[in-house]
Each structure stands twice: as C-alpha cells, then as structure tokens.
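J.:
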Amino acid sequence: MAQLEIIPPAISSRALYFLTAIAIVLPLLLWKARRWADLYHKRQAVKKENGCKDPPRYPNKDPIFGLDVAWRNYISWKKSNLLPELSSRYRKCGNTYSLHLGGSRSLSTIEPENLKSMLSTNFTSYTFGSKRTNALLPFLGASVFTLTGADWQHSRAMIRPNLAKDQFVDAEMTTFEKHFGRLLSSLPKDGSEIDLQPLFFAFTLNTSIELLTGQDVHLDHEVSQMFDDAEGLIGDQILLSFIPFRRSRRQYLQACKLCHAWVDRYVHEAIKEHQAQTYTTSVEEGKELGEGKYSLLSELVKETHDVPRIRGELIGMLTAGRETTASALSSLWFTLAKRPDIVRKLQAEVAELDGQKPTFAQLKKMRYLQNTIQEALRLYPPLPANMRTAVEDAILPVGGGLDGLSPIFVSKGQLIIYNVYAMHRRQDIYGADAETFRPERWEETSLRPGWGYLPFNGGPRICLGQQFALTEIAYTTVRLLQEFQAVESRDPAQWQEKWQINCAVKTGCKVSLF
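Put into structure tokens, the structure is as follows:
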C-alpha cells in the first residue's frame, strides 16, 4: 500500500514579506526602545544628582502641537501687542515656565542667571536653532549672524578687530556730523509735524554704509525702502514660521534678491580694486584709500574674494548698525516728545558744550544723557526677544519647582525662548516703578541688574556694533538738542511694537520741533 506524502501548504509571498519585515524591524524597534530607556534613566540620574525640578507649565489647550499658543501669538502680533501678551504669561506662570509649541515642549524664561548660562558660561551647549537660522539665511547667508562653531569663530575673528574703537572713532564722528547735516535739512523749521522714524532709518543706513564700505553714497528713499522691505519681512519668517505656505515668504525672498544685487556692486568693485593692488590701507598706519577711508569692506576683501560670504558679513553688520540704532533713536525720541521734564534736563547738560559739536569723550561724560539712553534701551530694547536651542543635554540654574529656585534639566534639541522686554520690566530688579521711564534710576547704587540688562545680548555673541550704536544714538540726540529747543509729540498713542529684525515704533515718531 502506497504511503501518502503530506506536503505543507506554501507560504504566500505576502506573508513571507510580512515575516521578513518583522524579523528586520522588530530588532530595530527593540534596540531603539533600549536606547530610549537607557537615555531616560541616564537623564533621570542627572536630574536627581543636580536637584533638577520641572518648571511650572503654561496651560495649553492644545497639549500636543500648541496651536492655541501659536494662534494667540499670531493675533497679538497682528494687533502689535505681542510683547505685552508674552509678558503677561510670566506674571501668570512665573519667570520660567514650559509650554507646548510646534509639537514639542519648549521653555520660556526671564531669569538673568538662565540667560547668563545660555549666553556665556555654558555657551557651547546652545545654538540659534533652525527657526531663526532659516529666517536669516536668505538675507545674510553664511555670516557671523548665522554661523556656529568654528565657522562662527573664524567669521567673528575676521570682523571684530576691524570694528575696534580706536580705528573707527574719528571716522565715526566725522561721518555722523556729515549725515546729520543732511538729516537736519529734511526737518521743518516752522514746527510743523514730521515723522522722525523713517528719517532715522535713512540716516543710520547712510552712516553705516559709509563706515562699512568707505564710500559716501547718500542713498535715496528707494534704496532705503528696499532694505526696509527685507528687514520688515524677517520678523514674519520667525513669528509666522508655523504657516508653511505664507505669501510673505515669496515677498521676502524677492526683497533679499534686490538687496543682494545692490550690495554686490560694491563688493565686486572692492575685489576688483584689491586685485589691481590699489588698496594701500593698513590698520596700523590708518592710511586712506582712494577717496574713501579705512573700512570693513576693504579689510574683508583682503581675507577672501568669496562674494556671497563678503556680502553676508556686510549686510549683517549694515543691518545691525542701522536697525538697532534707528529703532533705539525712534523709541527714545517718541518718549522725549512726551516728557518735557527730561528734555529740559538734557538741554541743561548739552548747554555745557557751549554750542560746540560733541567729541566721543564728551559724550561718554554726559551722565544724564547716558542714563536716558540706557533707560530707553531698557524699556524698549531693539531686540526684545530671542531664542536658543540646546545642542546637548544641559542644566539651567533656576526656574524649577513651585518656587522657581531649583535647576531645570534641558534636553538636547529643546527650544528656549528668552524675553528681554519682560525681564527689563521686572519689579524685583528695577523697582516698583519698573514700567516708568525714569533715567535717574541708573544713579541709584542699589540698582545692579547684571545679566538682567541685555539690550545688546551678552557673552561671546554680544553685539559687535554696540559701541558704534551707543555713540551714534548719543551724538544724534545731542545735535538735535543743540538745533532745537523743544520737541512736542503729535501722536496721542502709547508706544506699540513694529516687528522687523528689531522692534521699532508702530506709529512712527511724529513730533514737532521748535
């Protein structure tokens, strides 16, 4: 009798594919889970060792993507009320809190010690993050404002020596006076209303261009507007980054293209002259070059002929010099126009110059002037908020626990927002009248804000043009006070923000000068 052979059923190709996939994926998932578990336990050990506690949480309605926060930010931005809105959250949640934003848990802080840690003592543990970098790259390219690590160090080393005070101070004062004369010619002498803000932006653009390129180009309104368009749209790219297909992105890229083409003309000209060996300037001898003077551009072409690189550095310094100074001048004079008591005190100090144009040394000695500028930068910092992203696990010194005094563990990749505008208005640092414009507070020995005062950022990435900006603000203010005896506001509104790269005044600076 023949034996029956039992043949097992054939495994279908689909089932075989499925089993093979499981055989490959399952070990990977187990390996990933093990890695995650190890990382979790490692982080828990670090938290315990350092006494870290979680900060208070913002009550997100959307606990996953934080769309409620993004939408509220957008509405506040549209109303030019974002800074007060952000400040109110610290009063509600504490000086440091966590929130869901963009699908991850971020931190927001106004603690000076946390800023000191991020910007200085643990500087290498943090970077700008992709949101800020992606917003700036189309305009600035690879430059000191967008690079990190060794590339940033090289870029900063290339620029910093060329902005030293001893090299620029004489050129600054001469350039400021020349362009102030042009600003003065634009001001009515009959007390009629004038908006100073666009004039300040045109003025600082012209002074920055001359000091950076060595050329007096006296830019027209069209060029100034071109930079206004690009710089104004940068804020949109950061604040509205949660909207993937926004019309302003296309406008921004077009504005960048126009600015690049304009700057490239000067870069190509400088390279051409350098190749022809027509430059004879040296830092040590301070010699003049052609009709121009020693400039950042003339030094950059000695380092490289890479046009996009030079352009990026030049636009970066130009934007920083222009935006920061013009924004600060606008906010300062917006306030002075509403505070005749402060103007009278400034006039008394300026009168000691006996009509002479101020020198750099004289400006530094004018205490009330310097205090007034500090107060304007405190209440209306040109860069009111910023952010950092952790490139490795790190620890912030304070902000954890119900009392906010414990350290906080920061995970690699976590976003940290810091709000200088809100920090500058903390009553425990600046007193019960922290919201009041009072220059005299800077004479009080009890006021020691330290890292609680950061109008120009801090640490290795502190603003390279800080001294330049402060000098230009002081010089322009003194010269206006010498030419006019009184200023009156023609704007009943209070200060409101206008987001660009920096923060200017939404309604401008409408005044009458007498």
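Residues 41 to 554 (my numbering) are what the sequence shown spells out, left to right. Just so you know, even glycine gets a beta-carbon here, dropped at the ideal spot from N, CA and C. Computed from a predicted structure; not experimentally measured.
#1: Can Q414 and L521 be called in contact, C-beta distance under 8 Å?
#2: Can you tell me whether G439 is helix, strand or coil according to DSSP?
#3: Within a Cβ cutoff of 8 Å, which residues of the same chain sit near S451, ignoring the five residues on either side of it in sequence?
#4: Could you tell me if R54 is buried or exposed, where buried requires 16 or more neighbouring beta carbons within 10 angstroms of its beta carbon?
#5: Less than 6 Å between C-beta atoms, sequence neighbours within five positions excluded: which residues of the same chain meet that for F168?
#6: Spell out the partners DSSP gives D235 in its beta bridges.
#7: To which residues of the same chain is C92 closer than 7 Å at the C-beta, ignoring the five residues directly before and after it?
#8: I need the straight-line Cα distance from G254 to S338, nearest angstrom please.
#9: Which value, in whole angstroms, describes the spacing of the CA atoms of D260 and N542?
#10: Using a Cβ-Cβ cut-off of 6 Å (strictly less than) and excluding sequence neighbours within five positions of K385, which residues of its own chain qualify?
#11: To which residues of the same chain is S183 closer than 8 Å at the C-beta, ignoring the five residues directly before and after it?
#12: Quick check: what's the CA-CA separation for V551 versus D381?
#13: In the DSSP output, what is F449 paired with across the bridge?
#14: Give the single residue among A366, Y306 and L369 whose Cα lies nearest to the Cα of V341.
#15: Return the residue from the list R428, I278 and H464 that minimises the CA-CA distance to P7.
#16: Counting pairs of Cβ atoms below 8 Å between the segment 66–80 and the segment 91–110, do you hit three or more?
#17: Here's the rule: buried if 16 or more other CB atoms are within 10 angstroms of the residue's CB, otherwise exposed. What is C549?
#18: Indicate whether L419 and A368 have their beta-carbon atoms separated by less than 8 Å.
#19: Over the uninterrupted alpha helix (DSSP H) stretch that includes L66, give me the two end residues.
#20: From which residue to which residue does the beta strand (DSSP E) around W539 run?
#21: Can you tell me the Cα-Cα spacing of L403 and L393, whole angstroms?
#22: Just to confirm the assignment, what range does the beta strand (DSSP E) spanning H140 have?
#23: What is the C-beta distance between G361 and G505, in whole angstroms, given that I count them as a contact (C-beta under 8 Å)?
#24: What does C503 pair with, by DSSP beta-bridge criteria?
#25: Using the three-state DSSP reduction, which class does T485 fall into: helix, strand or coil?
#26: Using a Cβ distance threshold of 8 Å, determine whether the segment 118–133 contacts the segment 474–488, with at least three qualifying pairs required.
#27: In whole angstroms, what separates the C-alpha of E331 from that of E250?
#28: Answer with buried or exposed for D268, where buried requires no fewer than 16 other C-beta atoms within 10 angstroms of its C-beta.
#29: Could you give the DSSP three-state label for M406: helix, strand or coil?
#30: Going by C-alpha to C-alpha distance, which of K312, K397 and L139 sits closest to R97?
T.: In short:
#1: Cβ atoms of Q414 and L521: not closer than 8 Å.
#2: Reduced to three states, the DSSP call for G439 is strand.
#3: Hits under 8 Å: R83, A430 and D433.
#4: Exposed is the call here.
#5: Annotation for F168: no residue places its beta carbon closer than 6 Å to its own, counting only its chain and skipping 5 residues before and after.
#6: For D235, which the question treats as bridged, DSSP gives the partners K550.
#7: Apart from the 5 residues on each side of it in sequence, C92 sits with its Cβ closer than 7 Å to the Cβ of I435, G440, S446, P447, I448 and F449 in its chain, given in chain order.
#8: The alpha-carbon atoms of G254 and S338 are separated by roughly 8 Å.
#9: Rounded to whole angstroms, D260 to N542 spans 22 Å at the Cα level.
#10: Y408.
#11: The answer, listed in chain order, is S195, R349, G352, E353, I355 and G356.
#12: Taking the straight line joining both Cα atoms gives about 16 Å.
#13: The bridge partners DSSP lists for F449 are I435.
#14: The shortest C-alpha separation from V341 is found at Y306.
#15: Residue 7 falls outside the range modelled here, since the chain spans only 41 to 554, and no answer is possible.
#16: No contact exists between the segment 66–80 and the segment 91–110.
#17: By the 16-neighbour rule on beta-carbons within 10 angstroms, C549 is buried.
#18: No, the pair does not count as a contact, with Cβ atoms beyond the cut-off.
#19: Counting along the chain, the alpha helix (DSSP H) containing L66 begins and ends at S53 to N90.
#20: First-last of the beta strand (DSSP E) with W539: E537 to W539.
#21: Taking the Cα positions, L403 is about 10 Å away from L393.
#22: Its beta strand (DSSP E) spans residues T136 to L141.
#23: The Cβ separation is near 5 Å, so the contact holds.
#24: BP columns for C503 are empty, so no partner.
#25: Note: T485 maps to coil in three-state DSSP.
#26: Short answer: they don't touch.
#27: Note that E331 scores a pLDDT of 45, beneath 50, so its modelled location is shaky; the value from the coordinates is reported in the next line. Using only the alpha carbons, I get a separation of about 12 Å.
#28: D268 should be labelled buried.
#29: Correct three-state label for M406: coil.
#30: Comparing Cα positions, the closest option is L139.
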